Amino acid sequence: MGKITLCTDWLDVCSGCHMSILDIDENILELIKHVQLLSSPVTDLKHPPKEGCDVGILTGAVSNDHQEHVAKEMRERAGVLIALGDCAVMGGICTMRNFFDTEEVLRRGYVETESTAPGQEVPRSNEIGKLLPQVKAVDQVVKVDLYIPGCPPPAKAIWYAITELLAGRTPVLTDDLLTYD
Amino acid sequence: MASVQITIDGITGSVPPGSTVLEAARSLGVDIPTLCDHPAIQPIGACRICLIEVEKQRGLQPACTFPVNEGMVVHTKSPKVVDARRFVLQLLFSERNHFCMFCQASGSCELQDLAYEYGLDHWEYDRAFPQMPVDASRKYFTMDHNRCILCRRCIRACDELVGNGTLGLKYRGAETRVIADMDVPFGDSTCVACGTCLQVCPVGAVLDRMSAYMGATDEVDRVKSRCTACSVGCGLELVVRDNRVIRVEGDWDAEPNKGLLCELGRFGLMYDKRKRVNKPLVKTESGWVETTWEDALGQVQQKLSGAGDALCTVVSGLASTEAAQAVMEKLPGTKAVMDGGMPAAADGIGVLDEADLFIVVQTDLTKDYQVAGFAVKRSVRHRGARLMILDDAQNGLEQLAVWKGTPEDAAHVLAVAQDAQMPVIIYDAAGAEIAKKLVDLLPNAKQVTFPGGSNAHGLASVGLDTSFTANGANAYYVLAAEAGQPDEKLMDALQKADYVVVQSSFREPWLDVAQVILPSPTAYEKNGTFITAEGCKVEVAAGVSSKLLSEVEVIERIAAGL
Chain A
1 MGKITLCTDW LDVCSGCHMS ILDIDENILE LIKHVQLLSS PVTDLKHPPK
51 EGCDVGILTG AVSNDHQEHV AKEMRERAGV LIALGDCAVM GGICTMRNFF
101 DTEEVLRRGY VETESTAPGQ EVPRSNEIGK LLPQVKAVDQ VVKVDLYIPG
151 CPPPAKAIWY AITELLAGRT PVLTDDLLTY D
Chain B
1 MASVQITIDG ITGSVPPGST VLEAARSLGV DIPTLCDHPA IQPIGACRIC
51 LIEVEKQRGL QPACTFPVNE GMVVHTKSPK VVDARRFVLQ LLFSERNHFC
101 MFCQASGSCE LQDLAYEYGL DHWEYDRAFP QMPVDASRKY FTMDHNRCIL
151 CRRCIRACDE LVGNGTLGLK YRGAETRVIA DMDVPFGDST CVACGTCLQV
201 CPVGAVLDRM SAYMGATDEV DRVKSRCTAC SVGCGLELVV RDNRVIRVEG
251 DWDAEPNKGL LCELGRFGLM YDKRKRVNKP LVKTESGWVE TTWEDALGQV
301 QQKLSGAGDA LCTVVSGLAS TEAAQAVMEK LPGTKAVMDG GMPAAADGIG
351 VLDEADLFIV VQTDLTKDYQ VAGFAVKRSV RHRGARLMIL DDAQNGLEQL
401 AVWKGTPEDA AHVLAVAQDA QMPVIIYDAA GAEIAKKLVD LLPNAKQVTF
451 PGGSNAHGLA SVGLDTSFTA NGANAYYVLA AEAGQPDEKL MDALQKADYV
501 VVQSSFREPW LDVAQVILPS PTAYEKNGTF ITAEGCKVEV AAGVSSKLLS
551 EVEVIERIAA GL
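Read top to bottom, the protein sequences are chains A and B. According to the numbering used here, the first sequence is numbered sequentially starting from 1. According to the numbering used here, the second sequence is numbered sequentially starting from 1.
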């Protein structure tokens, strides 16, 4: 049997969840015996191939239209889609802005911040993703097959989930593998 | 019918009639999760997490309110029940801001614990993100409505236990919100800042400002001790992390307070801003200087030896019985108690929850001995007990009283008390004389009395029972502990004396009268016994180590060189 193919990407994140993937430490040597990493935010190839992959991991919440596109692309191309971390699973800390109007948030962030020089404006380039009215969890945009919450998820929860999947079982997180903070 | 037979998860047992299924399950050792339920308050079935399946009953029932009956068969872990509980949790998480990652209660949250227990790895419903206010108008703790799950524990605790009834609800459904009085800021309300709501809140809605983000449940230690703020002597738990008391909570298992504390007991010492005495302080011509124990003790011993029997030792009621004993045995001269007034020990404070008539004589239970005041308030509000007040001054309990008069009107009280089943006369030193007359005329009356000093009975037990009166001594040793401003006659005497040594936790109010101030551990840092107003010997236990000499050690070291 060939190696399992894996793609990861991040949405609205602090990148802590990808750090937590790296925190599986020396297990990464074991991982690459079974898994081929095709794309990730920290490798040259950023997008999952059109031919698809076995497993896709998304970290972060869906906050703008670009991220919505990334989530949909990953869903189309991944056999199993994992939402990793509180932001991907439930929206997490990114949803703090859901208590405010989007324009209010942009103004606060780009114009009114104490450290911002006077006369700044909210950037409106078409190159930049447009904020969605509400930050969403990944499963509010596409179907998610497996959830690993945590802020960030403990590395051992990630390793447990991967090994269970490699063994052909559905991981069920319990005890200290299931955490929201 | 003496008992009811019930089968829960295949375990059959007998429970008293009138029990709830939850009580029955606990007595049979079956665990049912709860959230809005709290052992100290009445169940209302608000949260539905305790749903159970009762055979021959339609639908699922909340265990906390559902009464048992003969032959009942209950299932608490059937798939239907577990699914329903998950559903309840999903609904709770969908309502407001229940994101754990930036909540101070994370790690100490009953909602989070349940979500872990029921394996919630994601949320099934869209969140509404309602904008709820945060009320930070109170000094010690805040109310974040965004975190509230509407379990109403705070409302019930304030009403049933404290008898204050400050909290209530407004609006309906998802809009429902906990309010104070007629929806005023909590800081402007009738709240007495006792913090009972804070202690019962299962989530991060009521938030202690001092200990916020300072330690979750498994990061802190809890040390059972006693409150020394007054002679009620409430049981408390010091919540400790890294040798610091971060919070104080009432001990639910302790008498006489059963988990309650007042503002003074919960927050008083935590918020005491006076400067600590960490090393012996000696007054010199250039002001106060820190010095070594050897130097300070040498000076003190020399001066006190010179004074001989002209020494007067004044002991605060905040000192332990052991310290008082050391004073009595080791130090020469006269001895007196700092806080005047010591009515005899009488009936237990527990009678307050049985009495049908309270006669409060010249003491304001909303200012002093507040936890006893809570018992009076809840009895008046919920058991229909009557309250009569004999007081010249304003009294915080006036609104609850059926009658208030001056001590000269005592005859009126007697007329009413004749018909009472269990009248209780409540007083401290100020009302002792009038109370004595009432007691003589009402032989069936119980008495609840409060000495002024927290450990006055402990001090008396070793023979230290004389209130301080100016006696012309020219050298003083004052064992003050954390005492604040003493009465004028003591300060006057200290002003006039040649030499004053104070053993105190804080510099104030002694800087103007003392020549030497020796450090003393606070109630959170010392071990010792106290005797409470109702005559119970209780242990004050150190939650943290201050590395200071104990009260007793200081006295012994001084005495050794006299």
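Heads up, the beta-carbon is just placed ideally off N, CA and C, and yes, glycines get one too. As the structure is a computational prediction, the values presented were derived from the model and not from experiment.
query, result
"Got a sec? Which residues, its chain only, sit under 6 Å from B:D364 by beta carbon, not counting five neighbours each side?", "N395, G396"
"Looking at the structure shown, is B:A407 part of a helix, part of a strand, or coil, going by DSSP?", "Position check: residue 407 of chain B holds Pro in this sequence, whereas Ala was assumed. Three-state DSSP puts B:P407 in a helix."
"Going by C-alpha to C-alpha distance, which of B:P130, B:I6, B:D121 sits closest to B:H75?", "B:I6"
"Closer than 8 Å, Cβ to any Cβ of chain B: which residues of the region 145-158 of chain A, in chain order?", "Y147, I148, P149, C151"
"Are A:I82 and A:V35 closer than 8 Å when you measure CB to CB?", "no"
"Look up B:F563 in the DSSP assignment and say whether it is helix, strand or coil.", "This structure gives no information on residue 563 of chain B, because the portion of chain B shown stretches from 1 to 562."
"For B:G268, does the three-state DSSP call read helix, strand or coil?", "helix"
"Determine the burial state of B:K80: buried for a count of at least 16 other Cβ atoms within 10 Å of its Cβ, exposed for fewer.", "exposed"
"For a contact defined as C-beta to C-beta under 8 Å, what are the partners of A:N98 on chain B?", "R127, F129"
"For B:V82, which three-state DSSP category applies?", "helix"
"Would you verify that the beta carbon of A:T174 is, or is not, closer than 8 Å to some beta carbon of chain B?", "yes"
"If you measure between the beta carbons of B:V314 and B:F468, is that distance less than 8 Å?", "yes"
"Do A:A78 and A:C53 have their C-beta atoms within less than 8 Å of each other?", "yes"
"By Cβ distance, which residues of its chain are closer than 6 Å to B:R86, with the 5 residues on each side in sequence left out?", "Y118"
"Check this for me: beta carbons of B:L260 and B:V327, under 8 Å apart or not?", "no"
"Looking at chain B, is there any beta carbon in it that lies within less than 8 Å of the beta carbon of A:I93?", "yes"
"Just checking: is the beta-carbon of A:L178 within a distance shorter than 8 Å of some beta-carbon in chain B?", "yes"
"What are the residues in the region 99-117 of chain B lying within 9 Å of chain A by C-beta distance?", "F99, C100, M101, F102, C103, S106, G107, Q112, A115, Y116"
"Taking the alpha carbon of B:D121 as the point to measure from, which residue in A:A137, A:G129, A:T113, A:E114 has its own alpha carbon closest?", "A:A137"
"How would you label B:L479, buried or exposed, when you count the other beta carbons within 10 angstroms and need 16 or more for buried?", "buried"
"Considering just the uninterrupted stretch of the beta strand (DSSP E) at B:H75, what are its terminal residues?", "72-75"
"Say whether chain A places a C-beta atom closer than 8 Å to the C-beta of B:G233.", "no"
"Given A:C17, which residues of its chain have a CB within under 7 Å of its CB, disregarding the five upstream and five downstream residues?", "T59, L84, G85, P152, P153"
"So, for B:R247: in the same chain, excluding its five sequence neighbours on each side, which residues have a beta-carbon less than 6 Å away from its beta-carbon?", "D208, S211, V239"
"Could you check which residue in A:C14, A:W159, A:P118 has the C-alpha nearest to that of A:L22?", "A:W159"
"Here's the rule I'm using: 16 or more other beta-carbon atoms within 10 Å means buried, otherwise exposed. How should B:P133 be labelled?", "exposed"
"Check the Cβ-Cβ distances between A:D139 and every residue of chain B, and say whether any is below 8 Å.", "yes"
"Under 7 Å Cβ to Cβ from B:G463, same chain only, skipping five residues before and after it: list those, please.", "M328"
"Excluding the 5 residues flanking B:Q299 on each side, which residues of the same chain have their C-beta closer than 7 Å to its C-beta?", "V282, V516"
"Here's the rule: buried if 16 or more other CB atoms are within 10 angstroms of the residue's CB, otherwise exposed. What is B:Y476?", "buried"
"Quick check on the burial criterion: 16 or more other C-beta atoms within 10 angstroms. Buried or exposed for B:Q495?", "exposed"
"Can you tell me which of the three DSSP states B:E23 falls into?", "helix"
"Nearest chain B C-beta to A:M19 closer than 8 Å, yes or no?", "no"
"So B:I349 packs on B:A319, CB below 8 Å; how close in whole Å?", "Incorrect: roughly 22 Å between the Cβ atoms, too far for contact."
"Give every residue of the same chain whose Cβ lies closer than 8 Å to the Cβ of B:G453, excluding the five residues on either side of it in the sequence, and list them in chain order.", "S231, S316, G317, L318, V337, M338, D339, M342, L459"
"Is it right to say B:Q112 is buried, meaning 16 or more other beta carbons lie within 10 angstroms of its own, or is it exposed?", "buried"
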